[in-house]
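K.L.:
Rendered as structure tokens:
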């Protein structure tokens, strides 16, 4: 018997299904792990939380991590459309941090220790790092003083599309 690897690349906070993890032999490959995208149980207006538990799909946390997940996806679209390595790196870093935020929101507080084993929780350091990046960009680029029409480039249009208006409500 060898080691077990969980690949979180395919977790979708709105449709989390905890995988059935099987023992891995030394000859096994990561292709042997598959996550089910269905449960055959229906959802009765509820969704599964990371590491177990169920909550209403109408809950505030569910809405928050759903919106955050949408932002992560839109940033992926923008990354695929940009040829600027700096923008790509910045968006990738933001995706990772937003993914962490969504995962933290999708974790039952009683299972928080499990979350901490797989993710670095949101910290003040993360917030300060983001604020520093914003300050740096604002020093480098003059911020518009008027409303700007979306679509200056494909990548910026994707970001414009992904603006988190729902998170303001």
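Numbering (my numbering), first residue to last: 2 to 170.
Glycine residues also receive a C-beta, built at the ideal position from the N, C-alpha and C atoms.
1. Counting Cβ pairs closer than 8 angstroms, one from the segment 125-142 and one from the segment 54-63, do we hit at least three?
2. Would you decide whether residue 149 is buried or exposed? Buried here means 16 or more other CB atoms lie within 10 Å of its CB.
3. For residue 49, write down the residues that DSSP places opposite it in a beta bridge.
4. Applying the 10 Å Cβ sphere with the 16-neighbour rule, what's the burial state of residue 99?
5. Starting from residue 1, trace the alpha helix (DSSP H) in both directions and tell me its first and last residue.
6. For the alpha helix (DSSP H) that residue 137 lies in, which residues bound it at each end?
7. Near residue 73, which residues of its chain fall below 6 angstroms by C-beta distance, leaving aside the five closest residues on each side in sequence?
8. Would you report the Cα separation of residue 63 and residue 44, rounded to the nearest angstrom?
9. With a threshold of 16 other CB atoms inside 10 Å of the CB of residue 1, please say whether the residue is buried or exposed.
10. Look at the Cβ atom of residue 88, then the Cβ atom of residue 162, and state whether they are nearer than 8 angstroms.
11. Out of 77, 103, 48 and 78, point me to the one whose CA is closest to residue 66's CA.
12. According to DSSP, is residue 68 part of a helix, a strand, or is it coil?
13. Would you report the Cα separation of residue 117 and residue 47, rounded to the nearest angstrom?
14. Just to confirm my understanding: we take residue 82, look at its own chain, exclude 5 residues before and 5 after, and list those with CB closer than 7 angstroms. What are they?
P.N.:
According to the structure shown:
1. no
2. Walking along the chain shown from the start, residue 149 turns up at place 148. Flag for residue 149 reads exposed.
3. What you label residue 49 is simply residue 48 of the chain shown in a count that begins at 1. Its beta-bridge partners are 55.
4. Within the chain shown, residue 99 is the residue found at index 98, counting from 1. Under this definition residue 99 is a buried residue.
5. There is simply no residue 1 to check, as the chain begins at 2 and stops at 170 in what is shown.
6. In the chain shown, counting from the first residue as 1, residue 137 sits at position 136. Segment 125-141, the alpha helix (DSSP H) holding residue 137.
7. The sequence position of residue 73 within the chain shown is 72, counting from 1. Cβ within range, chain order: 96, 99 and 100.
8. Within the chain shown, numbered from 1, the residue matching residue 63 stands at position 62. Within the chain shown, numbered from 1, the residue matching residue 44 stands at position 43. Approximately 14 angstroms, taken between the alpha carbons.
9. Because the chain spans 2 through 170 in this model, residue 1 falls outside it and cannot be assessed.
10. Counting from one through the chain shown, the residue named residue 88 turns up at place 87. Counting from one through the chain shown, the residue named residue 162 turns up at place 161. Against a cut-off of 8 angstroms, the Cβ pair of residue 162 and residue 88 comes out as no contact.
11. Along the chain shown, read from residue 1 onward, the residue named residue 66 stands at position 65. Of the listed residues, the one whose Cα sits closest to residue 66 is 103.
12. As a working note, residue 68 is residue 67 in the chain shown. Residue 68 falls in the helix class under three-state DSSP.
13. Within the chain shown, the letter at position 116 stands for residue 117. Within the chain shown, the letter at position 46 stands for residue 47. Distance between the alpha carbons of residue 117 and residue 47: 24 angstroms.
14. Translated into the one-based positions of the chain shown, residue 82 becomes position 81. Cβ within range, chain order: 155, 156 and 159.
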